[in-house]
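One structure below.
In our numbering, the protein residues as written are 3 to 79.
Quick look at the structure:
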């Protein structure tokens, strides 16, 4: 099933519809970087994802540790 997007615009008090179809979008030229530069960027993004995952795990671990200390102090009082 083909999806069709329609955008209305007003110019000089004349309304016209512009059909924006996947076929039309496919004709829009998209500039690309050199393949080696795109690979470098992709590699850096993957490394950043790994670092973010590690930071999240470390944060959760440290938060749990602090909470356990806090709750153990509450119980002992």
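Just so it is clear, CB atoms sit at the ideal spot from N, CA and C, and this is done for glycine as well.
If you draw a straight line from the C-alpha of residue i to the C-alpha of residue j, how long is it?
i	j	result
residue 53	residue 61	12 Å
residue 74	residue 67	11 Å
residue 21	residue 27	10 Å
residue 47	residue 76	43 Å
residue 40	residue 31	17 Å
residue 44	residue 58	21 Å
residue 37	residue 49	18 Å
(request) Note down, one range per segment and in chain order, each alpha helix (DSSP H) of at least 4 residues found wholly within the stretch 17-65. (result) 24-28
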